[in-house]
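Participant: One structure, as C-alpha cells, below. Some questions next.
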Amino acid sequence: MSATPSLAPKLELSVDEVTAVAFAAVPTLCFRLHLDAGGQEVRSLGLNVQVRIDATRRRYGDSDESRLRELFGGRERWGQTLRNLMWANVSMTVPRFTGETYVAVHVPATYDFEVVAAKYLNALEGGDVPVELLFSGTLFYSASDGRLQASPLDWEQEAATSLPVGVWREAIDIAFPGSAWLRLPRESFDRLWAYRAAQTLPSWEATLDRLLEGRE
C-alpha cells in the first residue's frame, strides 16, 4: 500500500515591520514578512503578494481633504468614491525552512504621479496608512514517505499592517533627495524646452518659476 500523504503545513503570515531600503536603485520599501509553519518543514514556497492601500480605514484632516480632492472629490462624496487602492504585485521564492522564518518583500515606492498610490501617499502630511497584503502561491513539502508534495496556499491568506507616511517619504528621499518628478508628453516637454531657450533661463526650476509668477 502507498503511504498516506502528509497534510500540507498550515502557514500563518504577518508583517513584522516596514522600512525604507537604504541602498536601492529605485525608491523601495521593505515589508519584513514573518512566516510560521507551526513547527513543520517547508521545502520551498512560490509566493505572490498583492499590496493594497486600505484608504477607507484612515482618518483624514482638512489639509488631507484638499489634496485628495483630485482622487476622491469633496468629502461629501467620499462615501461613494473613497476606496481601496491597488499598489503592487510582487512574486518571490522562499527557500527551505522549518518552523518559522522571515523574508523581505521589496515593494517599489514609485514617485510617478500618474500612479494612483503615489498620488495618494504624496497627498498625506503624515500619520499611518493601513495596508493589506494578499497572498497566493504554491507550497512544497515532504510527504510521510519523503516524496515532494505541492499544495496551493489558502486563498484567504492575508496580513494587515500600517505604513508610516514618513517611511514612504524616506524611501523617496533616499533616491531623489529634495526633488520631485513630473512626467510630460513629448510635445509639452518640447514646448517647455523652447520657452526656456527663448527666455535664456538657467534651469528648469527657473523656467517653472517664471511661468508661475503671479498665477499661484
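In the numbering used here, the protein residues as written are 126 to 341. Note that CB positions come from ideal geometry on N, CA and C, so glycine has one too. Bear in mind that the values here come from a model prediction, so they are computed numbers and not experimental data.
Taking the CB atoms as reference points, tell me whether A242 and L207 lie closer together than 8 Å.
Facilitator: Residue mapping note: residue 242 aligns to position 117 of the sequence shown, counting from 1. Residue mapping note: residue 207 aligns to position 82 of the sequence shown, counting from 1. No, Cβ-Cβ distance for A242 and L207 is not below 8 Å.
Participant: Of all the options A300, V215, A305, which has the alpha carbon lying nearest to the alpha carbon of A150?
Facilitator: Taking the sequence shown and counting its residues from 1, one reaches residue 150 at position 25. Looking at the Cα atoms, A300 is the closest of the given residues.
Participant: Put A180 into one of helix, strand or coil per three-state DSSP.
Facilitator: Stepping through the sequence shown from its first residue, residue 180 is reached at position 55. Of the three classes helix, strand and coil, the one that applies to A180 here is helix, per DSSP.
Participant: Who are the Cβ neighbours of L273 in its own chain at under 7 Å, not counting the five residues just before and after it?
Facilitator: For the purposes of this step, residue 273 is taken as the residue at position 148 of the sequence shown. Closer than 7 Å at the Cβ level, and outside the excluded window around L273, lie R168, F265, S267.
Participant: What does Q274 pair with, by DSSP beta-bridge criteria?
Facilitator: As a first step, residue 274 must be located in the sequence shown, where it is residue number 149. Looking at the DSSP assignment, Q274 forms a beta bridge with Y266.
Participant: How should L136 be labelled, buried or exposed, when 16 other C-beta atoms within 10 angstroms of its C-beta is the threshold for buried?
Facilitator: If you number the sequence shown from 1, residue 136 lands on position 11. With 16 or more other Cβ atoms within 10 Å, it is buried.
Participant: Around the Cβ of P310, are there at least 16 other Cβ atoms within 10 angstroms (buried) or fewer (exposed)?
Facilitator: For the purposes of this step, residue 310 is taken as the residue at position 185 of the sequence shown. Its Cβ having fewer than 16 others within 10 Å, P310 is exposed.
Participant: At which residues does the alpha helix (DSSP H) containing W329 begin and terminate?
Facilitator: Here residue 329 refers to the residue found at position 204 when the sequence shown is read from its first residue. It spans 329-337 - the alpha helix (DSSP H) in which W329 sits, taken as one unbroken run.
Participant: Got a sec: does the ligand ADP put a non-hydrogen atom nearer than 7 Å to the Cβ of E190?
Facilitator: Absence of the ligand ADP is noted for the structure shown, with no ligands found whatsoever.
Participant: Can you tell me whether P152 is buried or exposed, with buried defined as 16 or more other CB within 10 angstroms of its CB?
Facilitator: Numbered from 1 along the sequence shown, position 27 holds the residue referred to as residue 152. Its Cβ being crowded by 16 or more others within 10 Å, P152 is buried.
Participant: Quick check on W318: buried or exposed, where buried means 16 or more other Cβ atoms within 10 Å of its Cβ?
Facilitator: Taking the first residue of the sequence shown as 1, we reach residue 318 at position 193. Result: exposed.
Participant: Using the C-alpha atoms, what's the distance from V254 back to V290?
Facilitator: For the purposes of this step, residue 290 is identified with residue 165 of the sequence shown, where counting begins at 1. For the purposes of this step, residue 254 is identified with residue 129 of the sequence shown, where counting begins at 1. Straight-line Cα distance between these residues: approximately 7 Å.
Participant: Less than 8 Å between the CB atoms is what I'm expecting for A85 and L154, so what's the real figure, rounded?
Facilitator: This structure does not reach residue 85, given that the chain is present from 126 up to 341, and the question cannot be answered.
Participant: Please report the straight-line C-alpha distance between S328 and L258, rounded to a whole angstrom.
Facilitator: For the purposes of this step, residue 328 is identified with residue 203 of the sequence shown, where counting begins at 1. For the purposes of this step, residue 258 is identified with residue 133 of the sequence shown, where counting begins at 1. Cα-Cα distance, rounded: 42 Å.
Participant: Identify, in the order they occur along the chain, each residue of the same chain with its Cβ nearer than 8 Å to the Cβ of S131, setting aside the five sequence neighbours on each side.
Facilitator: Indexing the sequence shown from 1 puts residue 131 at position 6. Result list for S131: Y266, S267, A268, S269, Q274, in chain order.
Participant: Mind reading off the beta-carbon distance from E190 to R200? Whole number of angstroms is fine, and I expect it under 8 Å.
Facilitator: Within the sequence shown, residue 190 is the residue found at index 65, counting from 1. Within the sequence shown, residue 200 is the residue found at index 75, counting from 1. The pair is a contact, with the Cβ atoms about 5 Å apart (cut-off 8 Å).
Participant: Considering only DSSP beta bridges, list what D279 is partnered with.
Facilitator: Here residue 279 refers to the residue found at position 154 of the sequence shown. The partner list for D279 (beta bridge, DSSP) is empty, contrary to what the question assumes.
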